Amino acid sequence: MINNQIQFLLNDQLTTLSDIDPNTTILQYLRQHQHKSGTKEGCASGDCGACTVVIAEAVAGKLRYKSLNACISLLPSLHGKQLITVEDLEDGDRLHPVQQAMVDFHGSQCGFCTPGFIMSLFALHKNFPDPSKHQTLEALAGNLCRCTGYRAIVDAAAAAKNHGADQFDRNVAHTIATLNSIARDTMAQLSLNKELNDGAQQAFSPLSLSQLSQIMLDNPQARLVAGGTDIVLEITQMHKKLGTIVYVGNVPELQKFEEHDDKFVIGAALPYSEFTPHLAVHYPEFGDMIERIGSLQIRNQGTLGGNVGNASPIGDTPPVLIALDAKLNLRCDDKVRQIAIEDYFVDYKVTSQQTSEFIESIEIPKPVSKAQQLKVYKISKRFDDDISAVLATFNLTIENDVITKARVAFGGMAGIPARAANCEQALNGQPFTQATIDAAKAQLASDYTPMSDVRASKDYRMTVAQNLLQKAFIEISQPQTNTGVVQYA
Numbered sequence: 092m093i094n095n096q097i098q099f100l101l102n103d104q105l106t107t108l109s110d111i112d113p114n115t116t117i118l119q120y121l122r123q124h125q126h127k128s129g130t131k132e133g134c135a136s137g138d139c140g141a142c143t144v145v146i147a148e149a150v151a152g153k154l155r156y157k158s159l160n161a162c163i164s165l166l167p168s169l170h171g172k173q174l175i176t177v178e179d180l181e182d183g184d185r186l187h188p189v190q191q192a193m194v195d196f197h198g199s200q201c202g203f204c205t206p207g208f209i210m211s212l213f214a215l216h217k218n219f220p221d222p223s224k225h226q227t228l229e230a231l232a233g234n235l236c237r238c239t240g241y242r243a244i245v246d247a248a249a250a251a252k253n254h255g256a257d258q259f260d261r262n263v264a265h266t267i268a269t270l271n272s273i274a275r276d277t278m279a280q281l282s283l284n285k286e287l288n289d290g291a292q293q294a295f296s297p298l299s300l301s302q303l304s305q306i307m308l309d310n311p312q313a314r315l316v317a318g319g320t321d322i323v324l325e326i327t328q329m330h331k332k333l334g335t336i337v338y339v340g341n342v343p344e345l346q347k348f349e350e351h352d353d354k355f356v357i358g359a360a361l362p363y364s365e366f367t368p369h370l371a372v373h374y375p376e377f378g379d380m381i382e383r384i385g386s387l388q389i390r391n392q393g394t395l396g397g398n399v400g401n402a403s404p405i406g407d408t409p410p411v412l413i414a415l416d417a418k419l420n421l422r423c424d425d426k427v428r429q430i431a432i433e434d435y436f437v438d439y440k441v442t443s444q445q446t447s448e449f450i451e452s453i454e455i456p457k458p459v460s461k462a463q464q465l466k467v468y469k470i471s472k473r474f475d476d477d478i479s480a481v482l483a484t485f486n487l488t489i490e491n492d493v494i495t496k497a498r499v500a501f502g503g504m505a506g507i508p509a510r511a512a513n514c515e516q517a518l519n520g521q522p523f524t525q526a527t528i529d530a531a532k533a534q535l536a537s538d539y540t541p542m543s544d545v546r547a548s549k550d551y552r553m554t555v556a557q558n559l560l561q562k563a564f565i566e567i568s569q570p571q572t573n574t575g576v577v578q579y580a
């Protein structure tokens with residue numbers, strides 16, 4: 092393997108790419124370069140699931156399967172992985188069991204969305220041979236169908252359970268050996284940066300933290316890509332080129348997850364689906380909210396570092412991280428500085444990140460006592476896979492019916508995700524009563540001047556923000572009324 096190429100398995104074929112535009116999505120590559128038209132384009136934004144493919148990675152001697160949206164995934168992310176498409180599921184002259192179940196239970200009408208459903212079901216059954224109803228619905232939440240109806244598809248998912256070995260199971264040893272050989276070749280040339288370059292556009296895939304640091308020093312205007320669930324929309328929706336791309340998914344230090352006695356340390360490029368179960372043990376409402384950030388395909392790609400670094404005022408995780416007093420570790424060359432996440436956001440899409448600096452990891456404190464209550468509310472027009480109008484987080488420590496510590500943060504209420512300082516002041520040191528909550532609700536009007544846009548008016552946002560504080564009070568003081576995080580705009 093040489094400097095300017097990446098390698099991966101396309102179904103069962105070892106594939107090498109070099110002189111190709113790194114702005115090419117996996118969907119474009121499959122359809123335009125490989126002429127595999129089974130994978131469809133519906134929305135080009137990761138919403139409909141018609142483009143769903145499956146990635147297999149060799150982890151601890153086993154294959155781990157992930158569904159993802161090919162329409163918003165770039166080619167550099169494929170290095171060292173197996174890309175499985177609907178064309179390769181048939182075993183000889185026999186349909187794969189998930190395909191046969193869709194036929195038997197009439198799970199397809201027009202058929203346009205069917206390949207995406209098939210791939211989601213394939214990944215589901217590879218990871219969970221006997222999936223629960225919740226696991227099935229979660230796997231299918233990112234696939235839209237407008238003519239069949241979901242009952243037949245869910246029935247097909249149940250019928251395909253425990254289907255036994257398929258050709259992928261029979262070939263697992265060879266697949267793992269091939270992926271490991273790519274990894275060994277990569278490690279043997281660790282001094283070289285993997286790169287795609289078509290002469291006009293280039294993309295780097297650094298293999299270590301030191302490589303990434305050097306690339307950012309040499310290319311300070313380069314665009315970092317981890318999951319790409321937002322930045323790639325510039326390509327698919329705005330028809331732009333990203334310029335120099337640095338794919339960070341192959342940097343082990345950015346993929347780490349560490350649990351300490353007092354905190355979690357999450358690598359900036361670790362996908363949501365890999366750390367959320369651990370985080371949810373201590374912060375269940377944070378875990379529930381992350382499940383609503385997007386579909387499983389999105390959570391298999393999207394990262395905490397990307398959600399923070401995007402600096403959107405309606406990003407879902409920053410208000411929670413601010414309320415939890417999380418810290419960012421920012422690296423430039425061999426120097427790391429730590430800042431409170433609330434100090435990262437300066438103005439709309441403006442951060443305190445310096446030239447050639449990048450987010451290495453996020454540190455989230457664990458709860459310090461059972462008196463600490465974290466309430467997280469996402470208001471959106473759709474429950475699943477939708478953007479917030481308002482995201483509210485209340486981190487309250489209540490001892491002997493007194494609020495001893497309050498951290499309150501909102502997204503969607505200003506140009507940046509931000510704390511509600513006046514609201515916090517009205518809560519801190521006060522009895523946990525309706526009178527205190529009323530005073531704090533009034534202070535929200537001095538903390539924020541929300542805007543009106545297509546998602547909500549400024550008056551709606553303010554009213555909702557105040558009502559969510561009331562909701563938190565009711566749910567904490569009367570636990571039996573807690574209805575979870577099911578909110579709609």
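Numbering (the numbering used here), first residue to last: 92 to 580. Where a beta carbon is used, it is the ideal one built from N, C-alpha and C, also for glycine. It should be emphasised that the depicted structure is a prediction, and the values quoted were computed from it without experimental measurement.
Practice problem: Assign A249 to buried or exposed, taking buried as 16 or more other Cβ atoms, counted over all protein chains shown, within 10 Å of its Cβ. | Solution: Exposed.
Quiz item: Which residue comes first and which comes last in the alpha helix (DSSP H) that contains P375?
Solution: P375 to I381
Quiz prompt | Residue environment, A526, which counts as buried when at least 16 other CB atoms sit within 10 Å | solution = exposed
Exercise. Enumerate, from N- to C-terminal direction, the unbroken alpha helix (DSSP H) stretches of 4 or more residues contained entirely within the stretch 297-342.
Key: 300-309 and 324-327
Quiz item: Three-state secondary structure (DSSP) at K665?
Solution: With the chain running from 92 to 580 in the structure shown, residue 665 is simply not present.
Quiz item: Grouping DSSP H, G and I as helix and E and B as strand, with all else coil, what is Y156?
Solution: strand
Quiz prompt | Beta-ladder partner(s) of Q104, from DSSP | solution = L101
Self-check item: Three CB pairs or more closer than 8 Å across the stretch 492-505 and the stretch 399-415
Solution: yes
Quiz item: Could you give the residue range of the alpha helix (DSSP H) that holds G400?
Solution: L395 to G400
Exercise. Along the beta strand (DSSP E) that carries A496, what are the first and last residues, could you check?
Key: Residue identity differs from the one stated: residue 496 is Lys in this sequence, not Ala. K496 -> beta strand (DSSP E) spans V493 to G502.
Exercise. Just grab the DSSP bridge partners of N288 for me.
Key: Q293
Exercise. Use the C-beta contact count for A279: other C-beta atoms within 10 angstroms, 16 or more gives buried, fewer gives exposed.
Key: Its pLDDT being 46, under 50, A279 is placed unreliably in this model, and the value from its coordinates should be taken loosely. Result: exposed.
Exercise. List the endpoints of the continuous alpha helix (DSSP H) containing I507.
Key: Unbroken run through I507: none, as it is neither H nor E.
Quiz prompt | 6 Å Cβ shell around A247 - same chain, five flanking residues per side excluded | solution = A192, M193, F196 and G198
Self-check item: D434 burial status per 10 Å Cβ neighbour count (16 or more: buried)
Solution: exposed
Quiz item: Alpha carbon to alpha carbon, how far is L283 from L166?
Solution: Low confidence applies here, because L283 scores a pLDDT of 43, under 50, leaving its location unreliable and the question unanswered by this model.
Quiz item: Under three-state DSSP, which class holds L421?
Solution: In the structure shown, L421 sits in a strand (DSSP, three-state: E or B).
Quiz item: In this structure, does DSSP put L482 in helix, strand or coil?
Solution: strand
Quiz prompt | Coil, strand or helix - Q200 by DSSP | solution = In the structure shown, Q200 sits in coil (DSSP, three-state: anything other than H, G, I, E or B).
Practice problem: Would you be able to state if there are at least three C-beta pairs under 8 Å between the stretch 92-112 and the stretch 170-181? | Solution: yes
Practice problem: Quick one: measure Cβ to Cβ for K466 and A563, integer angstroms, because I've assumed they're closer than 8 Å. | Solution: With a Cβ gap of about 4 Å, K466 and A563 count as contacting.
Quiz prompt | For C423, the nearest candidate out of Q123, P311 and Q534 (CA to CA) | solution = P311
Exercise. Can you have a look at I507 and say buried or exposed, based on whether 16 or more other CB atoms are within 10 angstroms of its CB?
Key: Buried, by the Cβ-count rule.
Quiz item: Do the CB positions of T130 and L118 come within less than 8 Å of each other?
Solution: The Cβ atoms of T130 and L118 sit closer than 8 Å to each other.
Quiz item: Which of the three DSSP states, helix, strand or coil, is assigned to G358?
Solution: Of the three classes helix, strand and coil, the one that applies to G358 here is strand, per DSSP.
Quiz item: Three or more beta-carbon pairs under 8 Å between the stretch 394-402 and the stretch 445-458, yes or no?
Solution: yes
Quiz item: Between P362 and G318, which are expected to be in contact by the criterion C-beta below 8 Å, what is the C-beta distance as a whole number of angstroms?
Solution: 6 Å
Quiz item: Going along the chain, which residues of its own chain have a beta-carbon closer than 7 Å to the beta-carbon of L108, five neighbours each way excluded?
Solution: Q96, I97, L166 and L287
Quiz item: Beta-carbon separation of R552 and M504 under 8 Å?
Solution: Against a cut-off of 8 Å, the Cβ pair of M504 and R552 comes out as a contact.
Quiz item: Name the DSSP bridge partner or partners of I450?
Solution: L421
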